[in-house]
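First comes the structure, then the notes that go with it.
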Amino acid sequence: MLDSNGSNTTAAAAIAQLGAEVPLLGKRAVILAGTGPVGQRAAVMLAKAGAQVVMTSRSLARASAACQAMNARFDLALQPAEASDPTTTAACLAEAQIVITTGAAGLELLPLALWADHPTLEVVLDANATPPLGISGIKIQDRGTLRHGKRCYGALGFGGLKLELQRTCVAQLFEANDRVFDAPEVFALACELVQRR
2 MLDSNGSNTT
12 AAAAIAQLGA
22 EVPLLGKRAV
32 ILAGTGPVGQ
42 RAAVMLAKAG
52 AQVVMTSRSL
62 ARASAACQAM
72 NARFDLALQP
82 AEASDPTTTA
92 ACLAEAQIVI
102 TTGAAGLELL
112 PLALWADHPT
122 LEVVLDANAT
132 PPLGISGIKI
142 QDRGTLRHGK
152 RCYGALGFGG
162 LKLELQRTCV
172 AQLFEANDRV
182 FDAPEVFALA
192 CELVQRR
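With the numbering used here applied, the sequence shown covers 2 to 198.
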């Protein structure tokens, strides 16, 4: 089972939970601070679910390099963007329906002022469980909670699914000695678990 620092199970649980409650096909999704392990995995999962994905970094060069690598490996069309301040972050969110933050713990990436009155945003999801949260104005336990007319998800909102997913993967490793769980397999299992709930 490959789950470096919980990146596969975190991304899989977040996107499976989101996909069970919100149509992803054709949606424009922005991943703020998306070049880390959780962001990269979430980007691929969203794109494979039919979303148009923009992956950001404080550095456009870093976002471009990550997108190029994933586009080549998975035959995708992830788009890179710079989100280094409120102006560039707001530009990234133009026409977006979904925004996900996957940055380092303790960094606020999305101020309330940038999303509360946003005309096209439908969903905000934060993968950070350490205060301050990555998205100002949501709660860590939000699970589709409506705030300012948007569905909000905090890390604990999909954390139960993440823990169930981890336990299920480990249990299945003991059922057969040829099982391999990398990001695609973990995501498929997360989607199955969501459907059973």
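Cβ atoms here follow ideal geometry from the backbone N, Cα and C, with glycine treated the same way.
Rounded to a whole number of angstroms, what is the C-alpha to C-alpha distance between residue i and residue j?
i, j, result
"G138", "D76", "36 Å"
"K28", "A15", "16 Å"
"S65", "V31", "14 Å"
"L190", "A44", "18 Å"
"E22", "A84", "27 Å"
"Q173", "D179", "10 Å"
"V39", "G20", "16 Å"
"I150", "A117", "Per the sequence shown, the amino acid found at residue 150 is Gly instead of Ile. G150 and A117: Cα-Cα distance of roughly 8 Å."
"V195", "T169", "12 Å"
"R148", "A177", "44 Å"
"L162", "A70", "29 Å"
"A92", "D143", "26 Å"
"D86", "M2", "37 Å"
"N6", "L164", "13 Å"
"I136", "V100", "10 Å"
"F175", "Q167", "13 Å"
Enumerate in chain order the residues of its own chain whose CB-to-CB distance from residue i is below 6 Å, with the five nearest sequence positions on each side excluded.
i, result
"T131", "A106 and G107"
"L134", "D127"
"A73", "none"
"C192", "A17"
"A50", "G20 and L25"
"G145", "E22 and R152"
From the DSSP output, which residues share a beta bridge with residue i?
i, result
"E83", "S58"
"I136", "L111"
"T146", "C153"
"D127", "T102"
Would residue i pass as a contact of residue j if the rule is Cβ separation under 8 Å?
i, j, result
"V187", "N9", "yes"
"T102", "A17", "no"
"A52", "L79", "no"
"L115", "T89", "no"
"R42", "A12", "yes"
"A82", "T57", "yes"
"G104", "L110", "yes"
Should residue i be flagged as near chain C, meaning a C-beta pair shorter than 8 Å?
i, result
"Q196", "In the structure shown, chain C cannot be found, because there is only a single protein chain."
Can you name, in chain order, every residue of its own chain whose Cβ lies under 7 Å from the Cβ of residue i, other than the five neighbours on each side?
i, result
"H119", "L94"
"T36", "M56, S58, R63, A64 and A67"
"L47", "I16, L25, A30 and V54"
"I141", "A130, L134, G155, A156 and L157"
"R198", "none"
By Cβ distance, which residues of its chain are closer than 8 Å to residue i, with the 5 residues on each side in sequence left out?
i, result
"Q98", "K28, R29, A30, T121, L122, E123 and V124"
"L61", "P81, A82 and E83"
- Are the region 176–190 and the region 146–163 touching by the rule of at least three beta carbon pairs closer than 8 Å? no
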